[in-house]
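The next block holds one structure in the form of structure tokens; read it before the comments.
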Amino acid sequence: MRRVLFSQRMLAFHALVLVIVPSFIWLGFWQLDRWEQRSASVELQQGNLAADPVPVAELIEVGGDVDPADRWRAVEASGTWDTEHEILLRNRDGSGGVGFHVLTPLVTEEGPALLVNRGWIPRGETALDTPEIPPAPSGTVEVTGRLHFSETEENTGLRNRDDLPEGQLLVADVPAIAEGLPYPVYGGYADLTAQDPVPDPAPERVEVRELDSGMSLSYAVQWWVFTLVAIGGWVFLMRRELSEAREAGAAGDPDASDGPEGPASASAAAASGDRPREDVG
Numbered sequence: 322m323r324r325v326l327f328s329q330r331m332l333a334f335h336a337l338v339l340v341i342v343p344s345f346i347w348l349g350f351w352q353l354d355r356w357e358q359r360s361a362s363v364e365l366q367q368g369n370l371a372a373d374p375v376p377v378a379e380l381i382e383v384g385g386d387v388d389p390a391d392r393w394r395a396v397e398a399s400g401t402w403d404t405e406h407e408i409l410l411r412n413r414d415g416s417g418g419v420g421f422h423v424l425t426p427l428v429t430e431e432g433p434a435l436l437v438n439r440g441w442i443p444r445g446e447t448a449l450d451t452p453e454i455p456p457a458p459s460g461t462v463e464v465t466g467r468l469h470f471s472e473t474e475e476n477t478g479l480r481n482r483d484d485l486p487e488g489q490l491l492v493a494d495v496p497a498i499a500e501g502l503p504y505p506v507y508g509g510y511a512d513l514t515a516q517d518p519v520p521d522p523a524p525e526r527v528e529v530r531e532l533d534s535g536m537s538l539s540y541a542v543q544w545w546v547f548t549l550v551a552i553g554g555w556v557f558l559m560r561r562e563l564s565e566a567r568e569a570g571a572a573g574d575p576d577a578s579d580g581p582e583g584p585a586s587a588s589a590a591a592a593s594g595d596r597p598r599e600d601v602g
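Everything in the sequence shown is counted per this note's numbering, starting at 322 for the first residue and increasing by one.
What follows is the structure in structure tokens.
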């Protein structure tokens, strides 16, 4: 049995099992951890979307950023639109495909401005054209919006370029935008959800992208099933190898078993002095 289980072929198979089984177990727990993180994000988003709006100054401040725990919270602000410093965010999806988001400063009655994403507009004839932007209402307006933290290269994988048309950016890097504005700016920005008065026409409202926990939990279960399959295959192979060795020994294979007809019996006979009898005629 020992010779069978520790043959060169079986040792290689043992080594393979010792590698893949812990790896599959680790991958299962990794996917389980991802599922728990995504589930927590889903719970946070749903809770924040359902929360009542609060004044913007309660959640963000000038020079700071939106706390990740406050993302998607609804905030309220009153002020006037500053369309002279309006910015178009490129490569944004909408009902008509890829276009722009219109990011407009709302100078609040308290003094600081809140950058507000007024919505989506389609692109122009070419990628470098600046499309016509629906005008923002003049005078004092009241707005409600969903908070988002500033976009960066780290959380988007993109960075702003110097070769873009004037007034166009790839990411809403709030600190960088604030440097070019003549007033203090709250950290983060907000996706517009409501305003009074309501303009017509207006950019298309940005729909919230609801998160889900994905397939991570099912992937975790799959990795653990693979673990059981690997262990089951290992046990099956060992049992088959032992069974084949027993069958070979029962058939008198000298390489598989030292049976009565094998080399061990011949050696014992020689040691005892037995000699084959000769027929005497």
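Note that the Cβ used here is the ideal one computed from N, Cα and C, for glycine as well.
Computed from a predicted model, the values in this text were never measured in an experiment.
- Under the DSSP assignment, GLU453 falls outside any beta strand (DSSP E); it carries neither an H nor an E label.
- Of PRO496, SER416, ARG439 and ALA372, the smallest CA-CA separation from VAL383 is found for PRO496.
- Burial is judged here by how many other beta carbons sit within 10 angstroms of a residue's own beta carbon; THR425 has at least 16 and is buried.
- About 14 Å separates the beta carbon of ALA511 from that of LEU410, a gap too long to meet the 8 Å contact definition.
- Where ARG439 is concerned, the enclosing beta strand (DSSP E) starts and stops at 434-443.
- Closest in C-alpha terms to ASP533, from the list ALA390, VAL546, ASN481 and ARG359, comes ARG359.
- Shown here for SER537: same chain residues with a beta carbon closer than 8 Å to its own, the five before and five after excluded, namely GLN352, LEU353, ARG355, TRP356 and ARG359 in chain order.
- Considering only ALA371, SER399, LEU435 and GLY445, the residue with the shortest C-alpha distance to GLY420 is GLY445.
- Each of TRP402, LEU339, LEU332 and GLU475 was checked against the Cα of LEU549, and the nearest Cα belongs to LEU339.
- Pairwise C-beta distances place the stretch 442-456 out of contact with the stretch 388-401, as fewer than three of them are shorter than 8 Å.
- With contacts defined by Cβ atoms closer than 8 Å, ASN481 and LEU468 do not form a contacting pair.
- Cα atoms of PHE470 and GLY385: separation of roughly 10 Å, rounded to the nearest angstrom.
- DSSP places PHE421 in the strand class (E or B) of the three-state scheme.
- For the 8 Å CB-CB criterion, GLY440 and PRO524 form a contact.
- Nearest neighbour of GLY508 by Cα position, chosen from GLU472, VAL546 and GLU364, turns out to be GLU472.
- Look at ILE341 here: in three-state DSSP terms it is helix.
- DSSP places THR514 inside the beta strand (DSSP E), whose first and last residues are 506-517.
- Taking the C-beta atoms as reference points, GLY349 is found no nearer than 8 Å to ALA551.
- With fewer than 16 other Cβ atoms inside 10 Å of its own Cβ, ALA333 counts as exposed.
- Assigned with DSSP and collapsed to three states, ALA523 falls in coil, not helix or strand.
- DSSP places ILE552 within a helical segment (H, G or I) once states are collapsed to three.
- From the listed residues TRP402, LEU427, ASP484 and THR514, the smallest Cα separation to ASP373 is found for THR514.
- For SER416, the three-state secondary structure derived from DSSP is coil.
- Cα atoms of VAL527 and GLU430: separation of roughly 25 Å, rounded to the nearest angstrom.
- The alpha-carbon of PHE345 is positioned some 44 Å away from that of GLY466.
- For THR465, the uninterrupted beta strand (DSSP E) run begins and ends at 462-469, by DSSP.
- VAL462 sits close to TRP402, with the two beta carbons spaced by under 8 Å.
- Between the C-alpha atoms of ARG567 and GLN543 there is a straight-line separation of about 36 Å.
- Linking ILE498 to LEU485 through their CA atoms gives a straight-line distance of about 15 Å.
- Residue pairing by DSSP puts THR429 in a beta bridge opposite GLY400.
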